[in-house]
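K.L.:
Residue numbers (full-length UniProt numbering): 1 to 554.
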């Protein structure tokens with residue numbers, strides 16, 4: 001790379017770096033940007049400036065904190081507790097299905113890690129979509145991905161906090177020996193209070209949020225260890241290996257093979273998700289080209305392994321009469337499993353700890369959701385973007401984006417008041433929306449030759465994993481839209497296709513009606529200045545260095 005460019009980058013303060021260069025997003029710029037981002041001599045803020053953004057947040061997240069962001073959102077034991085009913089709809093599918101799905105999800109995480117290592121920015125998915133898409137569709141497709149990702153993350157917050165509300169109320173139900181009526185109104189009230197608490201928590205400084213991720217990792221791992229040892233020691237009569245690995249008991253109306261696919265693979269999809277949260281926190285991570293991939297892959301691997309151990313223990317300790325566990329009056333099969341093995345007091349104790357970890361899940365996902373909303377608003381992708389994109393100058397936190405994210409989750413959560421079918425469709429929007437947003441840049445990077453960052457599998461292995469991930473993400477989106485029963489009526493219909501499809505249609509309608517006037521793809525926030533402080537060099541000389549590097553890359 002041109003020596004003048006390196007000298008300029010090395011000698012100026014990062015504040016002036018951010019005012020140095022206002023990128024023009026042409027095809028040649030895309031090649032130049034990826035060429036420059038791969039240069040190891042550029043630090044995080046210089047790479048961000050080359051992506052077109054000035055640095056506004058505080059970098060407090062190291063590799064452990066980045067793993068903590070996604071790992072705490074996955075929060076393995078509370079998440080498995082939420083899908084326990086589906087896991088044991090077909091008995092032995094729980095072990096094998098989790099193993100297969102975890103490996104495939106890891107492949108998706110590897111592809112996302114390669115993209116994040118090449119271009120680490122909070123916008124992530126919609127930015128990469130714009131970067132790799134053909135010119136003719138670049139802007140509308142980027143808008144669709146950004147909007148879908150924002151809504152899917154808010155729906156994820158809704159799913160987590162709604163699960164928290166039901167778990168908390170199940171504790172009351174057990175404590176009162178069933179003398180407690182859980183209504184949808186009560187559930188929504190607890191849910192709304194939880195959302196408000198998360199809005200308040202997420203508004204603390206970035207340093208505090210980073211520490212919260214570390215606390216969440218410690219709490220979740222400690223809870224898993226306690227659960228495994230307590231269940232194995234406290235359960236008097238355990239199931240044998242044949243029951244765990246070989247017995248097939250299908251409790252659904254689908255045939256056994258199809259039920260095995262649906263209920264064996266999808267629980268892992270529900271649990272090991274939202275790892276794109278690491279991407280949305282990349283502008284608060286130091287050494288982002290390395291630590292963001294570590295966060296993505298580390299969280300997936302940890303959740304996959306710990307989840308397998310939890311399901312294994314549950315399978316050995318569960319009541320062989322699976323229907324009595326799944327259809328428990330408390331509404332929480334995990335609580336019933338613990339109650340059967342350890343008694344009432346242990347069931348209450350574990351559900352309290354699970355609730356606390358579930359609350360930490362919500363605190364983490366609202367943080368990631370707000371960063372996506374803030375990044376998208378920064379590029380004028382949201383209504384009221386000029387308000388949402390403002391960063392608090394004292395805390396260096398996008399407080400308005402946090403409030404927006406929480407409010408959006410409260411609105412989406414109103415659908416849960418209709419019935420359980422509507423609630424399930426809202427929660428499935430999280431899977432469909434995220435997998436659509438994840439697969440888009442993975443597919444489009446095949447259109448424009450991918451220029452990797454520090455993390456890359458190589459020219460042979462990377463395309464193989466890429467193609468495998470594309471097929472799996474398409475498969476998941478299709479599976480998420482299937483009804484739970486083959487006989488479909490208004491009660492058993494899976495309305496995910498209606499809600500998700502409606503989200504896409506409304507997004508594009510809004511784009512062509514209004515947003516196309518304001519959203520032009522990722523926009524530069526880097527300001528131009530006539531000179532560079534401390535160097536005495538004119539920006540014309542520095543621009544010449546950039547254009548020289550661009551010429552070399554073409």
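For every residue, glycine included, the Cβ atom is placed at its ideal position computed from N, Cα and C.
#1: Which of the three DSSP states is assigned to residue 122 in this structure?
#2: Between the Cα of residue 188 and the Cα atoms of 167, 325, 61, which residue gives the shortest distance?
#3: Determine, using beta-carbon pairs with one atom in the segment 139-149 and one in the segment 393-410, whether at least three such pairs fall under 8 Å.
#4: Considering only DSSP beta bridges, list what residue 403 is partnered with.
#5: Given 8 Å as the limit, is there contact between the segment 88-95 and the segment 246-260, that is, 3 or more CB pairs closer than that?
#6: Ignore the nearest five residues each way along the sequence and tell me which others in residue 180's own chain have a CB closer than 7 Å to its CB.
#7: Taking Cβ to Cβ, would you say residue 409 is nearer than 8 Å to residue 154?
#8: Would you mind working out which of 243, 133, 469, 162 sits nearest residue 313, comparing C-alpha positions?
#9: According to DSSP, is residue 229 part of a helix, a strand, or is it coil?
#10: Go through the segment 321-365 residue by residue and report every complete run of the alpha helix (DSSP H) that reaches 4 residues or more, in order.
#11: Suppose contacts are defined by Cβ-Cβ distances below 8 Å. Is residue 481 in contact with residue 497 by that definition?
#12: May I ask you to verify whether the segment 318-333 touches the segment 40-50, counting CB pairs closer than 8 Å and requiring at least 3?
#13: Who are residue 285's beta bridge partners in DSSP?
#14: In the DSSP assignment, find the unbroken alpha helix (DSSP H) run with residue 187 in it and report its ends.
#15: Thinking C-alpha only, which one of 170, 48, 185, 138 is nearest residue 122?
#16: Measuring CB atoms only, is the segment 113-128 touching the segment 302-313, in the sense that at least three cross pairs come out at less than 8 Å?
#17: Tell me residue 250's beta-bridge partners as DSSP assigns them.
#18: How many Å lie between residue 120 and residue 131 at the Cα?
#19: Would you mind sorting residue 374 into buried or exposed? The rule is 16 or more other CB atoms within 10 Å of its CB.
#20: Since I believe residue 220 is in contact with residue 76 (beta carbons under 8 Å), could you give me their beta-carbon distance rounded to a whole number of angstroms?
#21: Between residue 198 and residue 406, which are expected to be in contact by the criterion C-beta below 8 Å, what is the C-beta distance as a whole number of angstroms?
#22: Within 10 Å of its beta-carbon, does residue 233 have 16 or more other beta-carbons around it, so buried, or fewer, so exposed?
#23: List the whole-angstrom C-beta distance separating residue 152 from residue 433, where the pair is believed to meet the contact cut-off of C-beta under 8 Å.
#24: Within 10 Å of its beta-carbon, does residue 273 have 16 or more other beta-carbons around it, so buried, or fewer, so exposed?
#25: Can you say whether residue 446 is buried or exposed, counting buried as having 16 or more other CB atoms within 10 angstroms of its CB?
#26: Nearest by alpha-carbon distance to residue 142: which of 382, 431, 473 is it?
#27: For residue 143, name the three-state secondary structure that DSSP assigns.
#28: Counting only the same chain and skipping the five closest in sequence on each side, list residues whose C-beta sits under 8 Å from that of residue 256.
#29: Taking contact to mean 3 or more Cβ pairs, one atom from each stretch, closer than 8 Å, check whether the segment 296-303 and the segment 99-112 are in contact.
#30: Straight-line CA distance for residue 222 to residue 359?
#31: With DSSP run on the structure shown, which of helix, strand or coil describes residue 173?
#32: Quick check: the Cα distance between residue 209 and residue 202, rounded to an integer number of angstroms?
#33: Could you tell me how far apart the beta carbons of residue 69 and residue 368 are, in whole angstroms, since I believe they sit closer than 8 Å?
#34: Report the start-end ranges of each beta strand (DSSP E) in the segment 466-525 that is 3 residues or longer and not cut off at the edges.
#35: Is it buried or exposed, residue 522, if we count other Cβ atoms within 10 angstroms and call 16 or more buried?
P.N.:
In terms of the structure at hand:
#1: Coil, per DSSP.
#2: Closest option to residue 188, Cα to Cα, is 167.
#3: Too few Cβ pairs lie closer than 8 Å, so no.
#4: DSSP output for residue 403 lists no bridge partner at all.
#5: With the cut-off at 8 Å, the segment 88-95 and the segment 246-260 touch.
#6: Residues of the same chain with a CB within less than 7 Å of the CB of residue 180, apart from the 5 flanking positions on each side, are 172, 173 in chain order.
#7: In contact: residue 409 and residue 154 (Cβ atoms closer than 8 Å).
#8: The shortest Cα separation from residue 313 among 243, 133, 469, 162 belongs to 243.
#9: When DSSP states are grouped into helix, strand and coil, residue 229 belongs to the helix group.
#10: Runs of the alpha helix (DSSP H) inside the segment 321-365: 322-326, 333-342.
#11: Residue 481 is a Cβ neighbour of residue 497, given a cutoff of 8 Å.
#12: Verdict: no, contact absent.
#13: Per DSSP, 61.
#14: DSSP places residue 187 in the uninterrupted alpha helix (DSSP H) bounded by 184-202.
#15: With distances taken between Cα atoms, residue 122 lies closest to 48.
#16: No: fewer than three Cβ pairs fall under 8 Å.
#17: According to DSSP, residue pairing for residue 250 in a beta bridge involves 90.
#18: About 12 Å.
#19: That one is buried.
#20: Rounded, the Cβ-Cβ distance is 6 Å, consistent with contact.
#21: Confirmed, about 6 Å.
#22: When all chains shown are included, residue 233 counts as exposed.
#23: Confirmed, about 3 Å.
#24: Here residue 273 is buried: its Cβ has 16 or more other Cβ atoms, across all protein chains shown, within 10 Å.
#25: That one is exposed.
#26: Ranking the options by Cα distance to residue 142, first place goes to 382.
#27: Assigned with DSSP and collapsed to three states, residue 143 falls in helix.
#28: Answer for residue 256: 90, 248, 250, listed in chain order.
#29: Touching, yes.
#30: Looking at the two C-alpha atoms, the distance is approximately 16 Å.
#31: In this structure, residue 173 counts as helix in the three-state DSSP scheme.
#32: Separation of residue 209 and residue 202 (C-alpha to C-alpha, rounded to the nearest whole angstrom) is 7 Å.
#33: Here residue 69 really is in contact with residue 368; their C-beta atoms are around 7 Å apart, less than 8 Å.
#34: List check, beta strand (DSSP E) in window: nothing returned.
#35: A buried status is given to residue 522, since no fewer than 16 other beta-carbon atoms sit within 10 Å of its beta-carbon.
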